[in-house]
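According to this note's numbering, the stretch in the first sequence is residues 128 to 561, in order. Glycine residues also receive a C-beta, built at the ideal position from the N, C-alpha and C atoms.
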Amino acid sequence: MKKAISIFWFRRDLRLTDNAGFYHALKSGHPVLPLFIFDKNILDKLPEDDARVTFIYQTIADLKKELQKHDSDLLVKYGKPEKIWSEILGDYEVAAVYTNHDYEPYARERDDNMAEFLTSEKIAFKTYKDQVIFEKGEILKADKTPYTVFTPFYKQWHAKLNPFYTKAYPTQKYYKNLLPCKDLPLPSLKEMGFEKSKLSFPKLSYKSKLDSYAKERDFPALDGTTHIGLHLRFGTLSIRKAVRDAIEAKSNIWLSELAWREFYMSILWHFPYSAADSFKKQYDKIKWRNNESEFKAWCEGNTGYPIVDAGMRQLNQTGWMHNRVRMVVASFLTKHLLIDWRWGETYFAEKLLDYEMASNVGGWQWAAGSGNDAAPYFRVFNPELQTKKFDPKLEYIKKWVLEFGTKKYAQPIVEHTFARERVLKVFKEALANS
DNA sequence: TTTTGAGTTGTTCGA
DNA sequence: GTCGAACAACTCAAA
Numbered sequence: 128m129k130k131a132i133s134i135f136w137f138r139r140d141l142r143l144t145d146n147a148g149f150y151h152a153l154k155s156g157h158p159v160l161p162l163f164i165f166d167k168n169i170l171d172k173l174p175e176d177d178a179r180v181t182f183i184y185q186t187i188a189d190l191k192k193e194l195q196k197h198d199s200d201l202l203v204k205y206g207k208p209e210k211i212w213s214e215i216l217g218d219y220e221v222a223a224v225y226t227n228h229d230y231e232p233y234a235r236e237r238d239d240n241m242a243e244f245l246t247s248e249k250i251a252f253k254t255y256k257d258q259v260i261f262e263k264g265e266i267l268k269a270d271k272t273p274y275t276v277f278t279p280f281y282k283q284w285h286a287k288l289n290p291f292y293t294k295a296y297p298t299q300k301y302y303k304n305l306l307p308c309k310d311l312p313l314p315s316l317k318e319m320g321f322e323k324s325k326l327s328f329p330k331l332s333y334k335s336k337l338d339s340y341a342k343e344r345d346f347p348a349l350d351g352t353t354h355i356g357l358h359l360r361f362g363t364l365s366i367r368k369a370v371r372d373a374i375e376a377k378s379n380i381w382l383s384e385l386a387w388r389e390f391y392m393s394i395l396w397h398f399p400y401s402a403a404d405s406f407k408k409q410y411d412k413i414k415w416r417n418n419e420s421e422f423k424a425w426c427e428g429n430t431g432y433p434i435v436d437a438g439m440r441q442l443n444q445t446g447w448m449h450n451r452v453r454m455v456v457a458s459f460l461t462k463h464l465l466i467d468w469r470w471g472e473t474y475f476a477e478k479l480l481d482y483e484m485a486s487n488v489g490g491w492q493w494a495a496g497s498g499n500d501a502a503p504y505f506r507v508f509n510p511e512l513q514t515k516k517f518d519p520k521l522e523y524i525k526k527w528v529l530e531f532g533t534k535k536y537a538q539p540i541v542e543h544t545f546a547r548e549r550v551l552k553v554f555k556e557a558l559a560n561s
């Protein structure tokens, strides 16, 4: 008879320290085997040089080394989770499976299926809140329905915040409960159909930025933002640590940005339709122009609007774009070019290392005006004015648009005043009889 | 139930 | 150059 074990399943929480589910697994009383699955359902949709796969791969390799220092190991599998789990149950006597909550539509379905499957096998499936301070039903209005406006959401989120919710889970005290094992396999990137990306990943060091964040965050040439998106996405940074650091540094604006992340996660949880449809349904009546060649020009950074082109080229070359510029390019695509916000959302999903479905959909719908708590539709960013305000010395533009100021630079794809009047008319017509 | 104040990030126009 | 109002009403949240 094999000895019963617990399994901890890593997904978007790729760290050993301060990890809720991992902590509870280690305290379960059974030896813990850590597991990661490269999910074929997800990977099959990605290009072979997807940088996020490289990031995950490197992180997984680091976790494996770290676990080996404690005479344990990380079991790494490649395939569809349902099939992998059947294999695992054949190889091990599993008493319980531990993991952390995952809130996106695909993940919810996967975990619902897992729960059903494991229950039928008489195996406990225990899941924990880890990637947010407050999840799904924790921040609600008095009538128990979810907030759709940020400010009152944040008021409650902030009022409820206390050290109980931000303290670290001391996993390291219980490493002795890891399952002793060694030489577990690690499939290569190549076997899984990927190659190593040439992009570099943002370092996890944000503390020095917090003091000046409020003052500098809006100026793309300054690099005044913290670049933690990727680390929050894959869990190489604990949200509890980020919030503790925000409070300690008295960086209130940064703290509220962390709450924005949870606000949009709450929206996606309670209104999953909004990943694909406009939150305000009447906005799906808009007659988008959806011109393919204009979309291509936008993607490639050839619109003839320097601030837009700079942003898109930064995205294409680095997998990251400054937040201020994300708003500008999103407004430009949806308003100036009248291209469906979903096209832009999909492009960002392909390119952004820090892609987070909830924030991305929320941000795009905000820009389009179709979202909860969105910018009014008549608020059309003027790229020239945005440049004057936020890149007055054109430093950001010159960094990314090398031919700026020469004859080689593209002519504006559409004239601003004309585009503005066009979008106001089209939106007005779509929204008039609703 | 009704009322009241407010709503991430903007732009344009006219005084 | 600077400032306030208009943009367009609407919906949300809470008292």
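Based on Cα-Cα distance, which residue from R469, Q492 and A286 lies nearest to P503?
Your numbering for residue 503 matches position 376 in the first sequence. Nearest of R469, Q492 and A286 to P503, Cα basis: Q492.
Hey, how far is the Cα of F554 from the Cα of I413?
Against the first sequence, residue 554 aligns to sequence position 427. Against the first sequence, residue 413 aligns to sequence position 286. The alpha-carbon atoms of F554 and I413 are separated by roughly 6 Å.
Can you tell me which residues form a DSSP beta bridge with N227?
In the first sequence, residue 227 corresponds to position 100, counting from 1. Y255, per the DSSP bridge assignment.
What does the Cβ neighbour count give for G148, buried or exposed, with the cut at 16 atoms within 10 Å?
As a first step, residue 148 is located in the first sequence; it is residue number 21 there, counting from the start. The residue is buried, with at least 16 neighbouring Cβ atoms inside 10 Å.
Measuring alpha carbon to alpha carbon, tell me which residue in P161, V224, K516 and R367 is nearest Y302.
Numbered from its first residue, the first sequence carries residue 302 at position 175. Checking every option, the nearest Cα to that of Y302 belongs to P161.
Buried or exposed for H463, please, with buried defined as at least 16 other CB atoms from any protein chain shown within 10 angstroms of its CB.
As a working mapping, residue 463 is identified with position 336 in the first sequence. It counts as buried.
Can you give me the start and stop residues for the alpha helix (DSSP H) that S420 sits inside?
In the first sequence, residue 420 corresponds to position 293, counting from 1. If you look at S420, you'll find it in the alpha helix (DSSP H) that goes E419 to E427.
Give the DSSP-derived three-state secondary structure of G206 in the structure shown.
Position 79 of the first sequence, counted from the start, is the residue given in the question as residue 206. Strand.
What does a CB cutoff of less than 7 Å around H358 pick up in its chain, not counting 5 residues either side in sequence?
Taking the first sequence and counting its residues from 1, the one referred to as residue 358 is at position 231. Excluding residues within five positions, the ones whose Cβ falls inside 7 Å are L331 and L364.
Below 8 Å on the Cβ atoms is my guess for A494 versus A457; work out the distance and round it to an integer in Å.
Reading the first sequence from its first residue, position 367 is the one you call residue 494. Reading the first sequence from its first residue, position 330 is the one you call residue 457. At roughly 4 Å, the Cβ-Cβ gap stays under 8 Å, so A494 and A457 are in contact.
If you draw a straight line from the alpha carbon of T272 to that of N379, how long is it in whole angstroms?
Translated into the one-based positions of the first sequence, residue 272 becomes position 145. Translated into the one-based positions of the first sequence, residue 379 becomes position 252. Those two C-alpha atoms are separated by around 27 Å.
Using C-beta distances below 7 Å, list every residue in its chain close to V259, excluding the 5 sequence neighbours before and after it, in chain order.
Within the first sequence, residue 259 is the residue found at index 132, counting from 1. Residues of the same chain with a CB within less than 7 Å of the CB of V259, apart from the 5 flanking positions on each side, are I366, E389 and M392 in chain order.
DSSP has W136 in a bridge; who is on the other side?
In the first sequence, counting from the first residue as 1, residue 136 sits at position 9. Looking at the DSSP assignment, W136 forms a beta bridge with L162 and T226.
Among G471, F422, F137 and L305, nearest to T254 - alpha-carbon criterion
Taking the first residue of the first sequence as position 1, residue 254 is located at position 127. Among G471, F422, F137 and L305, the Cα nearest to that of T254 is on F137.
Spatially closest choice to W396 from P208, H228, R360 and M454, by CA coordinates
Working through the first sequence from its first residue, we reach residue 396 at position 269. W396 has its Cα closest to that of H228, out of P208, H228, R360 and M454.
DSSP state of A557 mapped onto helix, strand, coil:
Within the first sequence, the letter at position 430 stands for residue 557. Helix, per DSSP.
Thinking C-beta only, is I250 closer than 8 Å to A222?
Within the first sequence, residue 222 is the residue found at index 95, counting from 1. Within the first sequence, residue 250 is the residue found at index 123, counting from 1. Going by C-beta atoms, A222 is nearer than 8 Å to I250.
So the candidates are P290, N289 and A269; which of them puts its Cα closest to the Cα of F280?
As a working mapping, residue 280 is identified with position 153 in the first sequence. If we check each option's Cα against that of F280, A269 comes out closest.
What do you reckon, are the CB atoms on S497 and Y410 nearer than 8 Å?
Within the first sequence, the letter at position 370 stands for residue 497. Within the first sequence, the letter at position 283 stands for residue 410. Contact: yes.
Identify the continuous alpha helix (DSSP H) that holds H397 and give its terminal residues.
Walking along the first sequence from the start, residue 397 turns up at place 270. N379 to H397 is the extent of the alpha helix (DSSP H) around H397.
What are the start and end residues of the alpha helix (DSSP H) that includes K191?
To locate residue 191, count along the first sequence from 1; it is residue 64. Here the alpha helix (DSSP H) through K191 covers A178 to Q195.
Would you mind giving the Cβ-Cβ distance between W417 and D467, rounded to the nearest angstrom? I have them listed as a contact below 8 Å.
Position 290 of the first sequence, counting from 1, holds the residue named residue 417. Position 340 of the first sequence, counting from 1, holds the residue named residue 467. Sequence check: residue 417 is Asn here, not Trp. Indeed they touch by this definition, with Cβ atoms about 6 Å apart.
Neighbourhood of L71 by C-beta, 8 Å cutoff - its chain only, sequence neighbours within 5 removed:
This structure leaves residue 71 out entirely; the chain is present only between 128 and 561.
Take the Cβ of D518 as the centre, count every other Cβ of all protein chains shown within 10 Å, and call the residue buried at 16 or more, exposed below.
The count along the first sequence starts at 1 and reaches residue 518 at position 391. By the neighbour-count rule (16 or more Cβ atoms within 10 Å), D518 is buried.
Using the beta-carbon count (16 or more within 10 Å), is R453 buried or exposed?
Taking the first residue of the first sequence as 1, we reach residue 453 at position 326. Burial call: buried.
Where in the region 434–473 do unbroken runs of the alpha helix (DSSP H), each at least 4 residues long, occur, reported from the N-terminal end onward?
450–458
Looking only at C-alpha atoms, which of R371, F252 and W387 sits nearest to H151?
Sequence index remark: in the first sequence, residue 151 carries index 24 (1-based). When only C-alpha atoms are compared, the closest one is F252.
Looking only at its own chain, which residues have a Cβ that is under 7 Å from the Cβ of R547, when we skip the five neighbours before and after it?
The count along the first sequence starts at 1 and reaches residue 547 at position 420. So the qualifying residues of the chain are V507.
Name the residue from K526, L305 and D200 whose alpha carbon lies nearest to the alpha carbon of V444.
Position 317 of the first sequence holds residue 444. According to the sequence as given, residue 444 is Gln; it is not Val. It is K526 whose Cα lies nearest to the Cα of Q444.
Roughly how many whole angstroms lie between the Cα atoms of Y536 and D145?
The count along the first sequence starts at 1 and reaches residue 536 at position 409. The count along the first sequence starts at 1 and reaches residue 145 at position 18. Just so you know, the alpha carbons of Y536 and D145 end up roughly 50 Å apart.
Taking the beta carbon of F545 as the centre, do at least 16 other beta carbons fall within 10 Å, making it buried, or is it exposed?
As a working note, residue 545 is residue 418 in the first sequence. F545 is exposed by the Cβ-count criterion.
Just tell me which of K167, I169 and P347 has its CA closest to the CA of K515.
Against the first sequence, residue 515 aligns to sequence position 388. It is P347.
At a cut of 8 Å, does the region 184–199 reach the region 225–241 through at least three beta carbon pairs?
no
What do you reckon, are the CB atoms on F459 and V488 nearer than 8 Å?
If you number the first sequence from 1, residue 459 lands on position 332. If you number the first sequence from 1, residue 488 lands on position 361. No; because the gap between Cβ atoms is not below 8 Å, this pair is not in contact.
Name the two residues that bound the continuous alpha helix (DSSP H) containing Q409.
Within the first sequence, numbered from 1, the residue matching residue 409 stands at position 282. Per DSSP, Q409 belongs to no alpha helix (DSSP H) and is neither H nor E.
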